[in-house]
Amino acid sequence: MEKTRLGKTNLMVSRTSFGALPMQRVTDDEARALLRTAFDGGINFYDSARGYSTSDYRVGHMLADVRDQVIIATKTFASNKEEFEKQLDESLSDIGSYIDIYQFHNLPFFPRPGGSDGLYDAMLKAKEEGKIRHISFSSHRLELAKEMVASGLYDTVQFPMSSLATDEEIELIKLCKEHDVGFIAMKALAGGLLTNAKSAFAFLRQYENVVPIWGIEKMWELEEILSYEKNPPILDDEMWEVINKDRKELSSGFCRACGYCLPCPAEIQIPMTARMALLLGRARWQSFITEEWQNEMHKIRNCTDCGHCIKNCPYNLDTPALLRENLEFYEKFATEHKA
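Residue numbers (this note's numbering): 1026 to 1364.
Here it is as structure tokens:
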């Protein structure tokens, strides 16, 4: 397994790494099989989060016997010092006596030393006590991410990066290289909208300082990614044809499933329902034409236009309009595809 230096952390991590968010959606046996197969395949970097329910526990306990051979990152969504300390203790209980990379999880502001929220100072204290080894953050807000990278206060950034990336987003990769900040790429398949993992892999592989954390839920997904590590696909004209086709089809504003819009007062599952039309066209549509998903989509009718989703969307989407467009498409699609 090829490794790369993760910025100023000096950690040598596998260029193919493991995103543990889907671990909360599988059984214990399935999670154990995936994590151990990934480790046996040479993956040494695993990314989790306190907000991913069982993921910290599963990564920590199922890799406990090889803890000294793996690098574990997790995240805190705390917005104050007290909650930070609580979540840190919980993650340490699951993962072990230390966390390699501890990240602020998609906070809408920039934690700094001496801040009134006390978050960065709590990070520093945790590092001094040996509980964490590197201070980092994840974000979906490009301008905020650029500011935090340039500050010199953080060792890594986790940011969405896929073959759909804009030129401005690509600039963040270059900024990280300039400041020696490790770049952890989340949503390498754009939250499931990209269905050609081979072209997605080839696109990200061109950036030596970018470490994709592939969200793995099925064994065949892991085996496919590991096969590309053994024989990395070349970013040739054929790959660019696939990428440009995806870019054309997804060129309009679409939901990136970041979740900043949540919680929705109307209990709408915005990250899924706001991109349902795309999912129906690019994934196994049979999974979504169910009574459960019909009920979820119909919640869109309860939208009160309160503005919470619009205010909190880092991509400036008109989310209520997007939801209604997706509901209209879904209802027509479901009618046409009834058994």
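All residues carry an ideal CB built from backbone N, CA and C; glycine is no exception.
Going by C-alpha to C-alpha distance, which of the options sits closest to residue i?
i, options, result
"I1335", "Y1123, Y1355, A1359, Y1285", "Y1285"
"G1140", "K1106, S1163, N1131, N1234", "K1106"
"A1045", "E1292, N1069, M1037", "N1069"
"D1090", "E1356, I1120, E1274", "I1120"
"P1296", "M1087, G1207, L1347", "L1347"
"E1274", "A1291, A1302, A1359", "A1302"
"Y1355", "F1313, T1344, H1333", "F1313"
"D1142", "R1272, A1103, L1113", "A1103"
"R1326", "M1087, P1257, G1306, P1290", "P1290"
"I1097", "K1270, R1349, E1321, I1209", "I1209"
"P1047", "F1135, K1199, D1072", "D1072"
Using the C-alpha atoms, what's the distance from residue j back to residue i?
i, j, result
"A1063", "T1220", "21 Å"
"E1317", "P1138", "46 Å"
"Y1340", "G1217", "18 Å"
"R1281", "L1189", "11 Å"
"Y1123", "Y1253", "32 Å"
"D1180", "D1192", "23 Å"
"E1203", "V1235", "13 Å"
"F1228", "L1260", "6 Å"
"K1243", "L1059", "8 Å"
"T1079", "T1360", "37 Å"
"Q1183", "R1158", "16 Å"
"H1323", "L1036", "47 Å"
"L1144", "G1177", "16 Å"
"R1057", "G1155", "28 Å"
"E1237", "M1211", "Looking at the sequence provided, one finds Pro at residue 1237 rather than Glu. Taking the straight line from one Cα to the other gives about 6 Å."
"V1051", "G1076", "16 Å"
"K1152", "I1126", "10 Å"
"H1362", "K1150", "57 Å"
"V1174", "L1113", "23 Å"
Could you have a look at residue i and say whether DSSP puts it in helix, strand or coil?
i, result
"M1186", "coil"
"Y1253", "helix"
"H1362", "coil"
"L1342", "coil"
"S1176", "coil"
"T1191", "coil"
"K1106", "helix"
"I1142", "Checking the displayed sequence, the identity of residue 1142 turns out to be Asp instead of Ile. Coil, per DSSP."
"R1166", "coil"
"T1034", "helix"
"K1150", "helix"
Who are residue i's beta bridge partners in DSSP?
i, result
"I1126", "A1098, H1159"
"P1237", "A1210"
"K1028", "S1039"
"T1181", "S1161, G1207"
With 9 Å set as the bound, which would you pick, yes or no: does the beta-carbon of residue i sit closer than that to a beta-carbon of chain C?
i, result
"A1359", "Chain labels in this structure do not include chain C; a single protein chain is all it has."
Within the present structure, is the beta-carbon of residue i separated from the nearest heavy atom of the ligand SAM by less than 8 Å?
i, result
"N1341", "With respect to the ligand SAM, the structure shown offers nothing to examine, as it has no ligands at all."
In chain order, each beta strand (DSSP E) run of at least 3 residues that lies wholly inside the stretch 1044-1098: 1070-1072
Minimum length 3: unbroken beta strand (DSSP E) runs contained in the stretch 1258-1314:
Restricted to the stretch 1258-1314, not a single beta strand (DSSP E) segment is unbroken, complete and at least 3 residues in length.
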